[in-house]
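**Student:** As given, the protein sequences belong to chains W and R, one line each in that order. Using the working numbering, read the first sequence as starting at 1 and increasing by one per residue. Using the working numbering, read the second sequence as starting at 1 and increasing by one per residue. All C-beta atoms in this analysis are idealised placements derived from N, C-alpha and C, irrespective of residue type, glycine included.
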Amino acid sequence: MTAPAVVTAPSVATSRPAPRRSVASWLLFGAIAVYLLLPMLAVMLYAFATVWQARILPDGYTFDHFATVFTEPRIVAAIARSLVLSFVVTLLDIVIVLPAAYWSRVRNKRIRPLIEVGAAIPFVLPFLVIAFGIDRLVGMVTPSFQNTIWILILGQAAVAFPFLYWSVDGAMSAAGIERLSEAAETCGARPRQIVWRIVIPSIRVGIVTGSILVFATTFGEFSLAQVLVGAGFETLPLWQADALLQTTGRFNDLAATTILSFGLLVVLAAVLVWWGRGQTAQAVPGGGVRVGGR
Amino acid sequence: MAGVTLQGVTKRFGTVTALDHIDIQLRSGELLALLGPSGCGKTTLLRSVAGLEHPDSGAILIGDRDMSAVPTRERPIGMVFQNYALFPNLTIRQNIAFPLEVRKRPASAIRSRVAEMLELCRLETQADRYPNQVSGGQAQRCALGRALAPSPDVLLLDEPLSALDALVRVRLRDEIRRVQQLVKTTALYVTHDQSEAMAIADRVAVMNHGRVEQLASPAELYEEPDTPFAATFVGARNALELPVVSGRVRLGAAFDVSAPGPAQTRALAFFRPEDVVVEDAATAGQPATIDLKVFLGSTTRLHLRTVLDTGSYLYQADVPSRLAQRFEQGDIVSVVVDPAHVRTFPTMIEEET
Numbered sequence: 001m002t003a004p005a006v007v008t009a010p011s012v013a014t015s016r017p018a019p020r021r022s023v024a025s026w027l028l029f030g031a032i033a034v035y036l037l038l039p040m041l042a043v044m045l046y047a048f049a050t051v052w053q054a055r056i057l058p059d060g061y062t063f064d065h066f067a068t069v070f071t072e073p074r075i076v077a078a079i080a081r082s083l084v085l086s087f088v089v090t091l092l093d094i095v096i097v098l099p100a101a102y103w104s105r106v107r108n109k110r111i112r113p114l115i116e117v118g119a120a121i122p123f124v125l126p127f128l129v130i131a132f133g134i135d136r137l138v139g140m141v142t143p144s145f146q147n148t149i150w151i152l153i154l155g156q157a158a159v160a161f162p163f164l165y166w167s168v169d170g171a172m173s174a175a176g177i178e179r180l181s182e183a184a185e186t187c188g189a190r191p192r193q194i195v196w197r198i199v200i201p202s203i204r205v206g207i208v209t210g211s212i213l214v215f216a217t218t219f220g221e222f223s224l225a226q227v228l229v230g231a232g233f234e235t236l237p238l239w240q241a242d243a244l245l246q247t248t249g250r251f252n253d254l255a256a257t258t259i260l261s262f263g264l265l266v267v268l269a270a271v272l273v274w275w276g277r278g279q280t281a282q283a284v285p286g287g288g289v290r291v292g293g294r
Numbered sequence: 001m002a003g004v005t006l007q008g009v010t011k012r013f014g015t016v017t018a019l020d021h022i023d024i025q026l027r028s029g030e031l032l033a034l035l036g037p038s039g040c041g042k043t044t045l046l047r048s049v050a051g052l053e054h055p056d057s058g059a060i061l062i063g064d065r066d067m068s069a070v071p072t073r074e075r076p077i078g079m080v081f082q083n084y085a086l087f088p089n090l091t092i093r094q095n096i097a098f099p100l101e102v103r104k105r106p107a108s109a110i111r112s113r114v115a116e117m118l119e120l121c122r123l124e125t126q127a128d129r130y131p132n133q134v135s136g137g138q139a140q141r142c143a144l145g146r147a148l149a150p151s152p153d154v155l156l157l158d159e160p161l162s163a164l165d166a167l168v169r170v171r172l173r174d175e176i177r178r179v180q181q182l183v184k185t186t187a188l189y190v191t192h193d194q195s196e197a198m199a200i201a202d203r204v205a206v207m208n209h210g211r212v213e214q215l216a217s218p219a220e221l222y223e224e225p226d227t228p229f230a231a232t233f234v235g236a237r238n239a240l241e242l243p244v245v246s247g248r249v250r251l252g253a254a255f256d257v258s259a260p261g262p263a264q265t266r267a268l269a270f271f272r273p274e275d276v277v278v279e280d281a282a283t284a285g286q287p288a289t290i291d292l293k294v295f296l297g298s299t300t301r302l303h304l305r306t307v308l309d310t311g312s313y314l315y316q317a318d319v320p321s322r323l324a325q326r327f328e329q330g331d332i333v334s335v336v337v338d339p340a341h342v343r344t345f346p347t348m349i350e351e352e353t
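1) Between which two residues does the beta strand (DSSP E) holding residue 44 of chain R run?
2) Do the stretch 319-335 of chain R and the stretch 281-292 of chain R make contact, defined as three or more Cβ pairs closer than 8 Å?
3) To the nearest angstrom, report how far apart residue 26 of chain R and residue 273 of chain W are at their CA atoms.
4) Does any CB atom of chain W fall closer than 9 Å to the CB of residue 249 of chain R?
5) Using a Cβ-Cβ cut-off of less than 8 Å, give me the residues of the stretch 171-198 of chain W that come near chain R, in sequence order.
6) Taking only beta-carbon positions, decide if residue 187 of chain R is within less than 9 Å of chain W.
7) How would you label residue 247 of chain R, buried or exposed, when you count the other beta carbons within 10 angstroms and need 16 or more for buried?
8) Among the candidates W/271, W/252, W/265 and W/262, whose CA atom is the shortest distance from the CA of residue 63 of chain W?
9) Have a look at the DSSP bridge pairing and note the partners of residue 57 of chain R.
10) Flag this pair as yes or no: are the beta carbons of residue 215 of chain W and residue 95 of chain W separated by less than 9 Å?
11) At a CB-CB cut-off below 7 Å, which residues of chain R make contact with residue 167 of chain W?
12) How many Å lie between residue 12 of chain R and residue 24 of chain R at the Cα?
13) At a Cβ threshold of 9 Å, is residue 204 of chain W touching chain R?
14) Given a cut-off of 9 Å on the beta-carbon distance, is the pair residue 156 of chain R and residue 79 of chain R in contact?
15) Measuring CA to CA, which of W/113, W/179, W/31 and W/228 is closest to residue 134 of chain W?
16) Measuring only from the beta carbon, is residue 47 of chain R closer than 8 Å to any heavy atom that is part of the ligand GDP?
17) Please confirm whether residue 332 of chain R has its beta-carbon closer than 9 Å to some beta-carbon of chain W.
18) Does residue 351 of chain R get closer than 9 Å to chain W when you measure Cβ to Cβ?
19) Looking at the unbroken alpha helix (DSSP H) that takes in residue 169 of chain R, where does it start and where does it end?
20) Would you say residue 74 of chain R lies against chain W (beta-carbon separation less than 9 Å)?
21) Between the Cα of residue 304 of chain R and those of R/237, R/253 and R/293, spot the shortest distance and give me the residue it belongs to.
22) For residue 220 of chain R, does the three-state DSSP call read helix, strand or coil?
23) With 9 Å as the threshold, decide whether the Cβ of residue 162 of chain W is near any Cβ in chain R.
24) Taking DSSP as the reference, what is the three-state secondary structure of residue 15 of chain R?
25) Which residues, taken in chain order from the stretch 166-198 of chain R, show a beta carbon closer than 9 Å to some beta carbon of chain W?
26) Suppose contacts are defined by Cβ-Cβ distances below 9 Å. Is residue 268 of chain W in contact with residue 207 of chain W by that definition?
27) Do you know offhand how far residue 23 of chain W's Cα is from residue 160 of chain W's?
28) Report the start-end ranges of each alpha helix (DSSP H) in the stretch 23-57 of chain W that is 4 residues or longer and not cut off at the edges.
29) Compare the C-beta of residue 99 of chain R with all C-beta atoms of chain W and state if any pair is closer than 9 Å.
30) Looking at the secondary structure, which residues open and close the alpha helix (DSSP H) in which residue 284 of chain R lies?
31) Distance cutoff 9 Å, beta carbons only. Does residue 65 of chain R sit that close to anything in chain W?
32) Is the stretch 100-118 of chain R close to the stretch 143-153 of chain R, with three or more CB pairs under 8 Å?
33) Let's test the definition: count the other Cβ atoms within 10 Å of the Cβ of residue 74 of chain R and tell me whether it reaches 16, buried, or not, exposed.
34) At a CB-CB cut-off below 8 Å, which residues of chain R make contact with residue 113 of chain W?
35) So, is the C-beta of residue 201 of chain W closer than 9 Å to a C-beta in chain R?
36) Does any C-beta atom of chain R lie closer than 9 Å to the C-beta of residue 275 of chain W?
Written out as structure tokens, the structure reads:
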């Protein structure tokens, strides 16, 4: 049993015995669950279906579509490209955003407005607009970089960085990173020791959360990949778009790749969250004595 | 051990002067409290000693070494912050070990020093917990242990008790004093709570508007405040603005003292509630009405009102509760204050005469 008293608002006057969730709240919960899960379930069924046309449920089930996905070199290559791209972009964002966020809090608060405006742009402008903007700018300034993977990496890093920035900045604020840095300084720590031994460990959850978001954004991003490089570097979303437009319509294979990329992100998120839970999981008030960390 | 010398330390933030030529000499092993309201510059001064703020002019010496070119991490200091500032990813033990580890002390020395600190701060049973698993008092004791672990010349404490409950506050205050005297380190202690400053410090510097108004022992400060600000800030005091008549300041028949200076038409008179003697109305003295009676335990505070032809004066008297039993709200009593316990100052705003 859960402890409902903790959940309910601090109502002192009313003393209802054993409060339980009302039927309406269960109905609402069910409706939202169906709304969110039904499309996923449908895609999943489609990925395993032999023929699914005349009846409510597929006529039969098969692993053939997954076999196709894993054996067709073009799809495997697209998945590999997407993985590498997402990984590089995530790393790049971590390397750029962490120092910037830290600097903006501890050393120079005046650069904060600049970063915040930059971090709002990808939420305001459609990626397609940004993509054409980048393409035109690169075409004018450094034409040799046009249609290269480097432009794609930089562009993706630019549109995905706000996810990392906001979660890292929030984690820094929650940890009180300015005060911790000062405390470490009075302890005699050098800047490098402060960053590696205090700052990064105390905002680890924020880094992990933000990185997952950056990775997922890049993995599923279509507009920039299409505009900046296109067929020259076919990522999974580009292959999916292509498969959708083909007259033969490879819908089952599409569903299989969708399930694959979704499953990949779920596993990745689970691994990173498990790894990143660190001391947060040990934050059990009055919990037993635990013998030191690493 | 080393003392601390502050010479003409000045710091401005834009147009605001946070520190205005501060001169303080801390003796070796002394605990000096910086006392004042928020915004008086006391925290800025402390942070300047730590190297977290950089004064515009003036010098800060620890021992006889000028600190102006020395970065925080190389200063011989330990600091305790208001909200503990413990490292959340390290246990209590690891927090205390941190300043020793970053200074690359040998592992065996670290182990024995940490054990010593855990014992000194009474944290042996909490040693392997994380900061969010211990109470506020334990967290601040850990911060104290962390600050003292590398045996700093100077211990800096920035309102270390203000985040704690009243009960824990008093206990930890005495604890900090005990530890500081045991390790004989020079300490600078920032607080806005005058009773805290009085209880813990060898000397108190009362600060206001970036200046030191008075630097004295707690007893001296309590008995003989130099300025009206020091007088009001230290201890609950009655402050009455009274007319000066032929060089004398009077509150009816309650007291009659000489004026603070010549050519004044008004003066400020300070006296403590506990120095007001309250008797039955029949006795000689100045009649006063009891507006309010507040039971405080061993004493009872009477809010008194005296009406003279120069105006109506409100002040307070602390009376032993057993004596106060015979007075009721609304009663008229007779009031006398020993002139030796009345301090007068020129009014803060000088009047044109």
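**Tutor:** Looking at the atomic coordinates:
1) Taken as a continuous stretch (DSSP letters only), residue 44 of chain R belongs to no beta strand (DSSP E), being part of the alpha helix (DSSP H) at 42-50.
2) yes
3) 51 Å
4) no
5) 175, 176, 179, 180, 182, 183, 184, 185, 186, 187, 188, 189, 190, 193, 197 and 198
6) no
7) exposed
8) W/252
9) R/10
10) no
11) The contacting residues do not exist; residue 167 of chain W stays about 17 Å from chain R at best.
12) 18 Å
13) yes
14) yes
15) W/228
16) This structure simply doesn't include the ligand GDP, nor any ligand for that matter.
17) no
18) Unreliable placement is indicated for residue 351 of chain R, whose pLDDT of 41 sits below 50; the coordinate value is still reported in the next sentence. Chain W contact via Cβ: absent.
19) 166-183
20) yes
21) R/293
22) helix
23) no
24) coil
25) none
26) no
27) 41 Å
28) 23-48
29) yes
30) Looking at the DSSP string, residue 284 of chain R is not in any alpha helix (DSSP H), and its letter there is neither H nor E.
31) no
32) yes
33) exposed
34) Here the premise fails: no neighbours, minimum Cβ distance about 19 Å.
35) yes
36) no
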